[in-house]
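A.B. asks:
Protein chains in written order, with our numbering: chain A, 51 to 489; chain B, 51 to 489.
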């Protein structure tokens, strides 16, 4: 087995050849090192202190004190891993590590540490701690990648990929006035984290400006855990369309208004919720549809609701299919409106276009897992991820590890220490393989 | 035509006879005076200044500044009508007028001036201004009733008949900690109005302690206006049962949780809203059922709701029928729970038992209207009223005037000046007839 200096030299030599061996480490007869799983899981436990709530999860919404404190902890870990962390104008934390060839575009690895209200300890956090662990492992084994390496902790993923979308240039300036779950606007939140919205344009990276992006994440669905598959190779990230739906009827006295004289907006909204469910499940495929928020006005037990505001969210890998489902729902709601004397209005509130991962990245991830004797399955991501934004500027891959019972966005979210360590090892191996292959 | 002194003497003489004539004024050949309709409607307009909102109604919830200011105005009107207003320990305004026979139990006439949020200018206000107008008319015509007269403005009718239920002894001390729409607790609100909860027991009146209670009110339903009937003779006030319904499913990620793996509490709640409507209309009768408030938790567009809290309200003149409808709904919800993997729990939050009006009062009101050449219809009240509480301590009658389009608890609430004047004249005539009949 060659020493590290010899290995690094061989890496350069291999990259210089026209036809790179499919597995450089195998070709060079060196073992790819393994991450320190105990340390990785210990870091996850330490991270769970920030924003911990009584029910065992975290409430660490972006721009909260807990978020900022956790980010300070993350920057300490980066320094221990010999990364040089800085905060960009969008509030993202970027830990840099020089590569052997400064003329190459950087490889990015990352995830997020913000959570939903009453979230769990794994969503985003596994990929964040995993990326730092990979960097620390490289450092401990004195491996220098060809490409410059950037470990990125994206800010405010849960609120709408604000950090990663700033980098892909997809944040509309108007969005900076949106109020986040912390109560702060996006602009205030970015300043709170140490960013500078006045310089937001500077963080933008153009398509083709990165060598690639890799993200490790928990599945958040139940299929890998149920079928005892170790590693998910993500083939794409679904698009997400969200609307605010306003149902208008007529508010009236709940005692004196006969049932047949009512224009009950909540009765109409209830039929709408049922319609969304029925429409989504009536079409073959993996699309999902959700009404997650609802409010009736004026909202008193003794008043027939005259107005209801609710949300509609549809997700699929195919943006056209999302719109087809949406149009069917809108058509169905017209009948509900006629039957109940109400009207429906729809306002777009959010759109994430679907993102397909790079086939080379998928192949490398699958092969890396197999070399580690781990089982794999290719699957789409039903959840949105920062990888979506990165897919707009460079080739992207995502690695999933199982979520027990598929529970996510909940304090009961759980991935086992073994699965997390497996995921980080696949991340490390995939990164090194891609580093040797990519220009 | 005799003069007023002679009239008052005749009134005493008539009461002393064993068999009172059915219509004393007719027997005595005097005209019952008419109220001053212009003044009455002007008072209503002036009252609408207090808590007026931009959309033309009032937001004068109990214990608000607007409520207190309007009450000061009401007390001025009482003094002008030669009533002696005081505030009782429960915060009710009582304007007293001595009768000819101090040994007789008092006749009470009244209503309320508090409103729902974004309420109208007639609910409660017509009966309050009408009662004061009746007293002023009596004063101007120097008519002294046999019974002592009390014009009562009950506090916080809309929040749950707190003023009148204090007098009937039906306020549970625990209710004083309830938070009203003003943000104040009931106890704080009573103090704010000049009452004294420490002395609340003193306002209680025992059954049999009043000669009777009359209330003029707008119908709040659309039947009188639609059928062009002048006066409604209320045969009873429906009972009201309210429950808080908690639907428990399982909160999960809206992108990664397949449709068939969800335990969506909002889908279950939507089916419940539909079930309530279907059950209530499937049974013959005038019962009504309403879900007026709903909230999904955690309430994010991208999270499958794990919990929904909503209200259920059922009203009918027959308490047994309310419970029959309730049991059918609960049984139907069990199937929804099985189908959706959720559970339903019910908590009683409010009960008003049905109240039947006194047949003698109904007859007097109907005859008084006929003498004024007004058309009448007997009908139940779908709304709760202070008369419900009064029915527990003495014989009670209610007079309805038409509500245009049946709109109530809304700035669009409207009763015409002519209808209001008619109602006050029926109130005056009924009061005098009952005054001559009752012991």
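Glycine included, each C-beta is placed from N, C-alpha and C at the ideal position.
Do residue 90/B and residue 157/B have their C-beta atoms within less than 9 Å of each other?
C.D. replies: In this structure, residue 157/B does not lie closer than 9 Å to residue 90/B by Cβ.
A.B. asks: Report buried or exposed for residue 196/B, applying the criterion of at least 16 other Cβ atoms within 10 angstroms of its Cβ.
C.D. replies: That one is buried.
A.B. asks: With 16 other CB atoms within 10 Å as the buried threshold, where does residue 218/B fall?
C.D. replies: Counting Cβ neighbours within 10 Å, residue 218/B comes out buried, since at least 16 surround it.
A.B. asks: So who's on the other strand from residue 302/B, going by DSSP bridges?
C.D. replies: Residue 302/B is bridged to 354/B.
A.B. asks: Does DSSP classify residue 242/B as helix, strand or coil?
C.D. replies: Helix at residue 242/B.
A.B. asks: If the cut is a Cβ gap below 9 Å, which residues of chain B does residue 317/A touch?
C.D. replies: By Cβ distance, chain B contributes 323, 324, 326, 327 and 341.
A.B. asks: Rounded to whole angstroms, what is the Cα-Cα separation between residue 361/A and residue 396/A?
C.D. replies: Each residue's alpha carbon lies about 9 Å from the other.
A.B. asks: If you drop the 5 nearest sequence neighbours on each side, which residues of the same chain put their C-beta closer than 6 Å to that of residue 352/A?
C.D. replies: Contacts found: 304.
A.B. asks: Taking the DSSP output, what are the residues bridged to residue 326/B?
C.D. replies: The partner list for residue 326/B (beta bridge, DSSP) is empty, contrary to what the question assumes.
A.B. asks: Which residue comes first and which comes last in the beta strand (DSSP E) that contains residue 402/B?
C.D. replies: Run containing residue 402/B: 393-402, per the beta strand (DSSP E) assignment.
A.B. asks: With DSSP as the reference, please indicate the residues paired to residue 113/B in a beta bridge.
C.D. replies: Residue 113/B is not bridged to any residue.
A.B. asks: Please check if any C-beta of chain A sits within less than 9 Å of the C-beta of residue 320/B.
C.D. replies: Answer yes: the Cβ-Cβ gap between residue 320/B and chain A drops below 9 Å somewhere.
A.B. asks: Where does residue 459/B sit, in a helix, a strand or coil, going by DSSP?
C.D. replies: Correct three-state label for residue 459/B: coil.
A.B. asks: Assuming residue 357/B and residue 315/B form a contact by the criterion Cβ under 8 Å, report the distance between their Cβ atoms to the nearest whole angstrom.
C.D. replies: Indeed they touch by this definition, with Cβ atoms about 5 Å apart.
A.B. asks: Report all residues from its chain with a CB closer than 8 Å to the CB of residue 96/B; omit the five preceding and five following residues, and keep chain order.
C.D. replies: Result list for residue 96/B: 123, in chain order.
A.B. asks: Would you call the region 330-345 of chain B in contact with the region 405-423 of chain B, where contact means no fewer than 3 C-beta pairs closer than 8 Å?
C.D. replies: Cβ pair count under 8 Å is below three, so no.
A.B. asks: Report the three-state DSSP secondary structure of residue 71/B (helix, strand or coil).
C.D. replies: Because residue 71/B carries a pLDDT of 48, less than 50, the predicted location of this residue cannot be relied on, and no value is offered for it.
A.B. asks: Report all residues from its chain with a CB closer than 6 Å to the CB of residue 274/A; omit the five preceding and five following residues, and keep chain order.
C.D. replies: The residues are 282 and 452.
A.B. asks: Would you report the Cα separation of residue 83/A and residue 329/A, rounded to the nearest angstrom?
C.D. replies: Each residue's alpha carbon lies about 50 Å from the other.
A.B. asks: Determine the closest residue to residue 276/B out of 457/B, 467/B, 485/B and 88/B, with distance taken between C-alpha atoms.
C.D. replies: The shortest Cα separation from residue 276/B among 457/B, 467/B, 485/B and 88/B belongs to 457/B.
A.B. asks: Taking 9 Å as the cut-off, decide whether the C-beta atoms of residue 140/A and residue 245/A are in contact.
C.D. replies: Closer than 9 Å, so yes.
A.B. asks: Please identify the residue among 440/A, 337/A, 301/A and 204/A whose C-alpha is closest to the C-alpha of residue 460/B.
C.D. replies: Comparing Cα positions, the closest option is 301/A.
A.B. asks: Compare the C-beta of residue 352/B with all C-beta atoms of chain A and state if any pair is closer than 9 Å.
C.D. replies: Yes, its Cβ sits closer than 9 Å to a Cβ of chain A.
A.B. asks: Distance cutoff 9 Å, beta carbons only. Does residue 292/B sit that close to anything in chain A?
C.D. replies: With 9 Å as the cut-off, residue 292/B counts as an interface residue toward chain A.
A.B. asks: Mind checking if residue 330/A is an interface residue toward chain B, Cβ cutoff 9 Å exclusive?
C.D. replies: Output row for residue 330/A: interface = yes.
A.B. asks: Just to check my reading of the structure: residue 175/B and residue 163/B have Cβ atoms closer than 8 Å, yes? What is that Cβ distance to the nearest angstrom?
C.D. replies: About 6 Å separates the two Cβ atoms, so the contact holds.
A.B. asks: Name the residues in the region 103-115 of chain B whose C-beta lies less than 7 Å from a C-beta of chain A; which are they?
C.D. replies: Answer in chain order: no residues at all.
A.B. asks: Count the other CB atoms, across all protein chains shown, that sit within 10 Å of the CB of residue 355/B; report buried if there are 16 or more and exposed otherwise.
C.D. replies: Buried is the call here.
A.B. asks: Give, in chain order, every residue of the region 442-457 of chain A whose Cβ lies closer than 9 Å to some Cβ of chain B.
C.D. replies: Cβ contacts with chain B: 453, 456 and 457.
A.B. asks: Closer than 8 Å by C-beta to residue 290/A: which residues in its own chain qualify, once you throw out the five before and the five after it? Chain order, please.
C.D. replies: Around residue 290/A: 363, 364, 365, 400, 401, 402 and 434.
A.B. asks: Where do the N-terminal and C-terminal ends of the alpha helix (DSSP H) with residue 187/A fall, by residue?
C.D. replies: From DSSP, the alpha helix (DSSP H) with residue 187/A extends over 175-190.
A.B. asks: Please compile the residues from chain A whose C-beta is within a distance smaller than 8 Å of the C-beta of residue 179/B.
C.D. replies: In chain order: nothing, as chain A lies at least about 20 Å away.
A.B. asks: Where are the alpha helix (DSSP H) runs, 4 residues long or more, that stay fully inside the region 251-289 of chain A, in chain order?
C.D. replies: Fully enclosed alpha helix (DSSP H) runs of 4 or longer: 273-276.
A.B. asks: Using a Cβ-Cβ cut-off of 9 Å, state whether residue 171/B counts as contacting chain A.
C.D. replies: No, residue 171/B lies away from the interface with chain A (no Cβ there is under 9 Å from its Cβ).
A.B. asks: Excluding the five sequence neighbours on either side, which residues of its own chain have a C-beta within less than 6 Å of the C-beta of residue 406/A, listed in chain order?
C.D. replies: The answer, listed in chain order, is 286.
A.B. asks: On a CA-only basis, which of 455/A, 442/A, 425/A and 427/A is nearest residue 308/B? Give me that one, please.
C.D. replies: Ranking 455/A, 442/A, 425/A and 427/A by Cα distance to residue 308/B puts 455/A first.
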